[in-house]
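Visitor: In my numbering, the protein residues as written are 6 to 109. We put the beta carbon where it would ideally sit given N, CA and C, even for glycine. Note that this is a predicted model, so its numbers are computed, not measured. This structure is in structure tokens; I'll ask about it shortly.
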């Protein structure tokens with residue numbers, strides 16, 4: 006189960022990295038538009054702030070990391086939020102762990 010936590014941590018870090026790159030690229034695009042005269046500097050700043058706000062809101066709404074459930078109810082809640090692919094990955098990991106333990 007420890008590796009599952011590491012996997013979740015890696016997914017979270019990858020998501021944060023993607024957001025950082027997206028923010029950087031959007032700023033570059035806005036700066037380029039300002040240079041070309043398609044936007045005023047003030048419009049560019051306003052759009053950039055709006056993009057930052059939207060990204061932060063999306064991250065807050067969509068990213069939910071909980072590594073350790075302290076009760077069966079919390080575990081049920083986490084399972085309800087998982088995609089079928091995530092559930093299958095968890096099942097595969099549990100089977101592998103059980104096979105490891107039976108070999109010992």
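Just to confirm the assignment, what range does the alpha helix (DSSP H) spanning residue 76 have?
Guide: The sequence position of residue 76 within the chain shown is 71, counting from 1. Note, residue 76: premise wrong, no alpha helix (DSSP H); not H, not E.
Visitor: Given a threshold of 16 other Cβ atoms within 10 Å of its Cβ, counted over all protein chains shown, does residue 49 qualify as buried or as exposed?
Guide: Counting from 1 along the chain shown, the entry for residue 49 is found at position 44. Result: buried.
Visitor: Grouping DSSP H, G and I as helix and E and B as strand, with all else coil, what is residue 49?
Guide: As a first step, residue 49 is located in the chain shown; it is residue number 44 there, counting from the start. Residue 49: helix per DSSP, three-state reduction.
Visitor: If we ignore side chains and look at the alpha-carbon of each, how far apart do residue 6 and residue 84 end up?
Guide: The residue you call residue 6 lines up with position 1 of the chain shown. The residue you call residue 84 lines up with position 79 of the chain shown. With a pLDDT of 48 at residue 6, under the threshold of 50, the modelled position of that residue is not reliable, and no figure is offered here.
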